[in-house]
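Report on one structure; see the data block that follows.
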């Protein structure tokens, strides 16, 4: 799957518009399945998603590490999230679309 197709699917789902609704996950999942109908399509989407997720994870992680004050054992630049919540934040940023993803990648703050 190429990037344009990936972002077309993300835009179709419109996570930024539905994320505050009750059962948003179920609605998004149904919309996603309408776009990715086969196992091969799902795997292709997942591959691109994983690449985006890993890149944003590294950017966020580096941003946190750059803010650490090792002498005071204090990090003023921390998301303060556990592993699952941190992964959810990254998925949320991707779900908001290409422009928001690029903005988060360029400036995690």
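In the numbering used here, the protein residues as written are 15 to 123.
Yeah, the Cβ is synthetic: ideal placement off N, Cα and C, and Gly gets one too.
**Request:** Pull up the distance between the alpha-carbon of residue 117 and that of residue 107, whole angstroms please.
**Result:** As a working mapping, residue 117 is identified with position 103 in the chain shown. As a working mapping, residue 107 is identified with position 93 in the chain shown. In this model, residue 117 and residue 107 are separated by some 9 Å (Cα to Cα).
**Request:** List the endpoints of the continuous alpha helix (DSSP H) containing residue 118.
**Result:** Here residue 118 refers to the residue found at position 104 of the chain shown. Its alpha helix (DSSP H) spans residues 112 to 120.
**Item:** Same chain only: Cβ atoms within 8 Å of residue 104, ignoring 5 sequence neighbours per side
**Value:** Translated into positions along the chain shown, residue 104 becomes position 90. Taken in chain order, the residues that qualify are 67, 70, 71, 74.
**Request:** Measuring alpha carbon to alpha carbon, tell me which of 111, 123, 29, 112 ends up nearest residue 79.
**Result:** As a position in the chain shown, residue 79 is number 65, starting the count at 1. It is 123 whose Cα lies nearest to the Cα of residue 79.
**Request:** Let me know the secondary structure DSSP gives residue 33 once reduced to three states.
**Result:** Taking the chain shown and counting its residues from 1, the one referred to as residue 33 is at position 19. Three-state DSSP puts residue 33 in coil, outside helix and strand.
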